[in-house]
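What follows is a short report on a single structure.
In full-length UniProt numbering, the protein residues as written are 1 to 185.
Quick look at the structure:
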């Protein structure tokens, strides 16, 4: 294997991992939304991290290639690093897909909670409005009732004199009846 083809494979793996990492975080590589320069910084940070990982693995590959007596190690030890990388990449993809699912569920739950909060706020506002309207109507009806009671009180004050006159008339009728009955006897 030549050095340039190995670097090409590393770059392909790096770019696919970068795209997957960025898509996991909800950032597209061509996105310009968000804080200016934040996407570029996160891409650069991811690239630096992956380059450091590959450099460390390449150094460990070279260290594995030479044994203590100076001879080259077996083919299986050189193949262990790509298998480890593939395992790490598949685990990272599984973690990323699980994280995507969790974030999707969280987003849905938060959206549902927000909808319920808005609906309860609307219901609360309607309840407060109708309660205020009912209280205003009750106050108006109370004032109307008090006005009617005052009118009735004034009318009843006049009825006392009428009641007194009725009593006097009854006494007069009773006295006429007594005189009429006594005159007949």
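By construction, the Cβ of each residue, glycine as well, lies at the ideal position given by its N, Cα and C atoms.
Checklist entry - How big is the Cα-Cα spacing for residue 157 and residue 143? => result A direct Cα-Cα distance of roughly 21 Å separates residue 157 from residue 143.
Item to check | Alpha-carbon to alpha-carbon, residue 138 and residue 149 | outcome: Going by the C-alpha atoms only, they are around 16 Å apart.
Checklist entry - Excluding five sequence neighbours on each side, which residues of the same chain lie with their C-beta closer than 6 Å to the C-beta of residue 147? => result So no residue of the chain qualifies.
Item to check | residue 88 versus residue 94: straight-line alpha-carbon distance, rounded | outcome: Computed Cα separation, rounded: 10 Å.
Checklist entry - By Cβ distance, which residues of its chain are closer than 8 Å to residue 107, with the 5 residues on each side in sequence left out? => result Excluding sequence neighbours, residue 107 sits near nothing in its chain.
Next on the checklist: Could you tell me the alpha carbon to alpha carbon distance between residue 35 and residue 97, rounded to whole angstroms?
Outcome noted: With a pLDDT of 47 at residue 35, under the threshold of 50, the modelled position of that residue is not reliable, and the figure given next carries that caveat. Their Cα atoms are separated by approximately 25 Å.
Next on the checklist: In whole angstroms, give me the CA-to-CA distance for residue 163 and residue 184.
Outcome noted: Distance between residue 163 and residue 184, taken at the CA atoms: about 31 Å.
Item to check | Inter-residue spacing [alpha-carbon to alpha-carbon] between residue 168 and residue 133 | outcome: Distance from the CA of residue 168 to the CA of residue 133, rounded to the nearest whole angstrom, comes to 52 Å.
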